[in-house]
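Colleague: One structure, pasted below without further comment.
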Amino acid sequence: MGDMDLTEDQIAWRQEAFSLFDVDRDGHITPPELGFLMRSPGGNPMQVHLWDFAAQEKLTAPFDSPRFLRLTRAHLKP
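Under full-length UniProt numbering, the sequence shown has 19 at position 19, and the numbering climbs by one with no breaks.
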């Protein structure tokens, strides 16, 4: 699947949300920040779902914006 599954507006909105959480501007955010970030596109995942999600996606290290787009496309309804 490509980013074509999301509209240009959805991609831009998610990239903007990602950049807001990338406070040190290194292009990555950490798994613990995922909850805040996943809630920003209008989602409201429970903490247990975030833990399951992180385990399923093997999120043990910081990740970048393209990976965030793939994750949200796969796990959040547009």
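C-beta atoms are modelled at their ideal positions from N, C-alpha and C, and glycine is treated no differently. Note that the coordinates shown come from a computational prediction; the quantities given were computed from them, not determined experimentally.
#1: Is it the case that the Cβ atoms of Leu37 and Ala17 are separated by a distance below 8 Å?
#2: In chain order, what residues of the same chain have a beta carbon less than 6 Å from the beta carbon of Thr7, not counting five sequence neighbours either side?
#3: Looking at the unbroken alpha helix (DSSP H) that takes in Ala61, where does it start and where does it end?
#4: Please work out which residues of its chain come closer than 7 Å, Cβ to Cβ, to Arg14, disregarding the five sequence neighbours upstream and downstream, and give them in chain order.
#5: Beta-carbon within less than 7 Å of Pro78's beta-carbon, same chain only, minus the 5 sequence neighbours each way: which residues are those?
#6: Distance, Cα to Cα, Gln47 vs Asp64?
#7: Could you tell me which residues DSSP pairs with Ile29 in its beta bridges?
#8: Can you look up Thr7 in the DSSP assignment and give me helix, strand or coil?
Modeller: Taking the structure as given:
#1: For the purposes of this step, residue 37 is taken as the residue at position 37 of the sequence shown. For the purposes of this step, residue 17 is taken as the residue at position 17 of the sequence shown. Yes. Within cutoff.
#2: Taking the sequence shown and counting its residues from 1, the one referred to as residue 7 is at position 7. So no residue of the chain qualifies.
#3: The sequence position of residue 61 within the sequence shown is 61, counting from 1. Neither: Ala61 is in no alpha helix (DSSP H) and is coded neither H nor E.
#4: For the purposes of this step, residue 14 is taken as the residue at position 14 of the sequence shown. So the qualifying residues of the chain are Pro41, Phe68, Leu69, Thr72.
#5: Within the sequence shown, residue 78 is the residue found at index 78, counting from 1. Any reading at Pro78 is ruled out, since the residue's pLDDT is 48, under 50, leaving its predicted position unreliable.
#6: Locating residue 47 in the sequence shown gives position 47, where the first residue counts as 1. Locating residue 64 in the sequence shown gives position 64, where the first residue counts as 1. Approximately 21 Å between the Cα atoms of the pair.
#7: As a position in the sequence shown, residue 29 is number 29, starting the count at 1. Answer by DSSP bridge pairing, in chain order: Phe63.
#8: One-based indexing of the sequence shown puts residue 7 at position 7. In the structure shown, Thr7 sits in coil (DSSP, three-state: anything other than H, G, I, E or B).
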